[in-house]
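Protein chains: 2
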Amino acid sequence: MLQERLFTRPLYVQVRDALAKRIAAGEWKPGAVMPNEGDLAGQFGVSPGTMRKALDLLESERLLTRRQGRGTFVKDPTAEDRVVRYCNLRGPRGKAIRGDINTLEINEVAAEEPERLRLQLTQDERVYRLKRARAYEGVAFMVEDVALPAALFPGLVERNVSPLAILELAQAYGILLGKGEETVSIGAASVWASDALRTAKASPVLFLDRVILTRDGRPAEWRRGECVPTRAMHYIVGMR
Amino acid sequence: MLQERLFTRPLYVQVRDALAKRIAAGEWKPGAVMPNEGDLAGQFGVSPGTMRKALDLLESERLLTRRQGRGTFVKDPTAEDRVVRYCNLRGPRGKAIRGDINTLEINEVAAEEPERLRLQLTQDERVYRLKRARAYEGVAFMVEDVALPAALFPGLVERNVSPLAILELAQAYGILLGKGEETVSIGAASVWASDALRTAKASPVLFLDRVILTRDGRPAEWRRGECVPTRAMHYIVGMR
DNA sequence: AAGTGGTCTAGACCACTCA
DNA sequence: GAGTGGTCTAGACCACTTG
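Read top to bottom, the protein sequences are chains A and B. In the numbering used here, each residue's number is its place in the first sequence (first place is 1) plus 2. In the numbering used here, each residue's number is its place in the second sequence (first place is 1) plus 2.
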C-alpha cells in the first residue's frame, strides 16, 4: 500500500553499488580475482541468486569479467580493449588511435556559463581548463580544449598530467567512468587549430564535442576537439 | 529437458530465438500483448525462471517491453522512439532527423567487388542499387547510395519503395534488424552530391558509410551518404 | 579431484495496474 | 480482487579450468 519501494532499491542493485564502491576504492585491484559467488553472497547476507544478478550487472557495466572454471576478475579500465570506449578514431586495421597527448596549457579558473551548463556546475564552482594536442606517428592530427570540474580532480595542476587522458586521470582519482556522448560536425579550423595542425587557415575539420559522465552520472569531462583525420583514419560509430 | 545440453545452446537462448522467430513471422503483431510468463513457460515446457531469462534477453534486444501489472508487449520497430536507432542526425531539441526520402534510381544488378565485401555476398549474388536524396523542411541535406542484397528483398523493384527507409523495408519483409556500424569522415562533395544539394562544387561534406545487419548477423544494407548538416543539425554518438 | 561460474528448476512473496 | 511482471530464495546439476 505505502510504497517503501520508492525508497529502497532492489537488493541486487544495492549489492551491485556496494561492490562497485569497493572496486572504485581499490579494495580489489584491476586484474585481481574476487571471492566466489557463494562467499560473496554469504558476506552480504543475500542468496546466491541475488549475488549472481548483481555480478551480472557489474559485468554488463564492464567492471568485471567472469570466466567459467576460473573465477571473477576486476577489469582494468586502462587496458587496451577498454580504451576504445571513448575513442572513436580508428586506424587502418580498426585499431583505436588515441595519439600521443601533449598538454600545452593548464589553468584553474572559475567556470563560465558554457562550462557550467555542460558540466552541470553551480554558480561558484571552478574548473581546470586544458589545451592539448594529439599526435599520431609524430604528426599532430587533433587539438582539444578540455574542461574538468575542479571538485572531482583536486590538486590537478600540482600533478604531472601532461600525457594523461581522462581514462588515466579517473583511474588516478579512483573515479569510475560511465556513459558519454559526442557530437560530430564539420567546420572551418580555428586559428590555433590550423596553426598547431599546420593546415591552411580555416580549412575544413571535424568538430568533436563530448561530455563523459562518471558511473553515477556526474559530468567528469567536457572536451571540444578539432580533428584533421589523416589518411586511413576514420571516426567510427557502433549502433546496437 | 527439452534438448540435450551437450549438443545445443542453452535452453533460454533456444526459447529466445523461437520467440523472436514467431515475432518476426507476425504471430504477435506490434503493440499486441503476449501471453504471461507462466503460460509461455508452460507452452515451451520450461521453468518460469528460464522463460523469464529468455524474455529478459528479448527486452534487452528491444523486441519486447514489459510492464509490471500490465503485461508483455511486442515493440513496433517503426515507432518514433525506435527510429533513432540507426539515425544519428539530430535537430535543435535532440529530435532525430530522418528527412523525407526521395528515391531517384533503383536497379537490380550483379554485385560488384565492394558490394560483395561489405554485404558478404558470394560471387554471383545480385543487389538492388538505389540513389536517394533526403530533405528536411523542403531542403535537401543528404544524398545516399544504397545497396541491398537481392536475396533478402525479393521483388523490390516491383514494390513502391520510393519513400521507404531500411526500417520500413525490413518491416515489410518480416526481417528483424540488429547491429549496425557507421564511419564518419570528411571530404569534398562528389559531382552529383553538390548538384543535388546545391552546394558549391567539391565543398566539404560529411561522408557517412554504414552497414546494418539483420538480428542474426547477415548484412542487410550498405549505405554511403554525403551530408551537409544544415543549421542546428548535428551528428550524435552515444558511448555506453 | 576440487573449485569455479553457468544453467535450470520450483516456489514464495511483493508491487503495480485495472476492472 | 484478480492478474501481471519484479524480486528473492534455495538448491541440484552441468561445463570448464586448474593442480
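Every residue gets a Cβ at the ideal spot worked out from N, C-alpha and C, and that includes glycine.
Contacts around residue i, its chain only, beta-carbon distance under 7 Å, and the 5 residues preceding and following it disregarded
i             : result
residue 117/B : 123, 129, 149, 224
residue 68/B  : 57, 61, 74
residue 216/B : 177, 178, 179, 180, 222
residue 25/A  : 65, 76
residue 100/A : 85, 89, 167
residue 107/B : 132, 133
CB contact check: residue i to chain A, cutoff 7 Å
i             : result
residue 237/B : yes
residue 240/B : yes
residue 22/B  : no
Proximal residues to residue i (C-beta, below 8 Å), its chain only, five neighbours per side dropped
i             : result
residue 94/A  : 234
residue 206/B : 188, 189, 190, 191
residue 8/B   : Bear in mind that the predicted position of residue 8/B carries a pLDDT of just 44, short of 50, making it unreliable; the figure below should be weighed with that in mind. Closer than 8 Å at the Cβ level, and outside the excluded window around residue 8/B, lies no residue.
residue 200/B : 142
residue 193/A : 203
Neighbourhood of residue i by C-beta, 6 Å cutoff - its chain only, sequence neighbours within 5 removed
i             : result
residue 42/B  : 53
residue 46/A  : 17
residue 164/B : 105
residue 226/A : 147, 211
residue 134/A : 103, 105, 146
residue 55/B  : 14
residue 59/B  : 18
CB contact check: residue i to chain B, cutoff 7 Å
i             : result
residue 158/A : no
residue 12/A  : no
residue 208/A : yes
residue 231/A : yes
residue 5/A   : Since pLDDT at residue 5/A reaches only 36, below the 50 mark, its modelled position is unreliable, and the value read off the structure follows with that caveat. For residue 5/A, the answer is no, since every Cβ of chain B falls outside 7 Å of its Cβ.
Inter-residue Cα distance where the pair is residue i and residue j
i             : j             : result
residue 131/B : residue 185/B : 20 Å
residue 231/B : residue 141/B : 11 Å
residue 91/B  : residue 179/B : 19 Å
residue 173/B : residue 145/B : 23 Å
residue 126/B : residue 75/B  : 41 Å
residue 4/A   : residue 10/A  : Low confidence applies to residue 4/A: its pLDDT is 33, below 50, so where it sits in the model is not reliable enough to give any reading.
residue 237/A : residue 115/A : 29 Å
residue 34/A  : residue 19/A  : 19 Å
residue 195/B : residue 138/B : 16 Å
residue 39/B  : residue 153/B : 36 Å
residue 209/A : residue 183/B : 20 Å
residue 228/B : residue 27/A  : 47 Å
residue 202/A : residue 70/B  : 59 Å
residue 155/A : residue 44/A  : 36 Å
residue 171/B : residue 171/A : 46 Å
residue 50/A  : residue 239/B : 37 Å
residue 162/A : residue 220/B : 48 Å
residue 31/A  : residue 79/B  : 42 Å
residue 23/A  : residue 29/B  : 45 Å
residue 112/A : residue 151/A : 10 Å
residue 262/A : residue 218/A : Any question about residue 262/A goes unanswered here, given that chain A covers just 3 to 242.
residue 6/B   : residue 97/B  : Per-residue confidence for residue 6/B stands at a pLDDT of 41, beneath the threshold of 50, marking its modelled position as unreliable; the derived number appears in the next sentence. Near 48 Å, if we compare the C-alpha coordinates of residue 97/B and residue 6/B.
residue 157/B : residue 204/A : 49 Å
residue 169/B : residue 198/A : 43 Å
residue 72/A  : residue 175/A : 30 Å
Proximity below 7 Å, CB of residue i to CB of residue j
i             : j             : result
residue 103/B : residue 136/B : yes
residue 120/A : residue 213/A : yes
residue 21/B  : residue 48/B  : no
residue 241/B : residue 88/A  : yes
residue 159/B : residue 82/B  : no
Proximal residues, the segment 172–201 of chain B versus chain A, C-beta separation under 7 Å: Answer in chain order: 181, 182, 183, 184, 185, 186, 187, 188.
Check distances from the C-beta atoms of the segment 58–88 of chain A to those of chain B and list, in chain order, the residues that come in under 8 Å. The residues in question are 87, 88.
Which residues, taken in chain order from the segment 88–101 of chain A, show a beta carbon closer than 7 Å to some beta carbon of chain B? Only 88, 90 from the segment 88–101 of chain A bring a Cβ to less than 7 Å from some Cβ of chain B.
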